[in-house]
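Working notes, beginning with the structure itself.
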Amino acid sequence: MARANVARLETGRVMPKLPTLERAAKALGLRIDSLLKSPDAAP
1467 MARANVARLE TGRVMPKLPT LERAAKALGL RIDSLLKSPD AAP
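Just so you know, we're using the numbering used here here: the sequence shown kicks off at 1467 and counts up by one.
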């Protein structure tokens, strides 16, 4: 994923589609649901 695209995701300027979230989760070694949880949600 291009650095510019990652920056747009991090800053909330774009709403990623499911395939993008799946690739990001896989690259980070996470489950996709962990990317969808609110930061202040209990584990």
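Note that the Cβ used here is the ideal one computed from N, Cα and C, for glycine as well.
- Ala1490 has its alpha-carbon roughly 14 Å from the corresponding atom of Ala1470.
- When DSSP states are grouped into helix, strand and coil, Arg1489 belongs to the helix group.
- Taking the C-beta atoms as reference points, Leu1475 is found no nearer than 8 Å to Pro1485.
- Rounded to whole angstroms, the gap between the alpha carbons of Gly1478 and Val1472 is 10 Å.
- Between Leu1487 and Leu1501 the beta-carbon gap is near 6 Å, inside 8 Å, which marks them as a contact.
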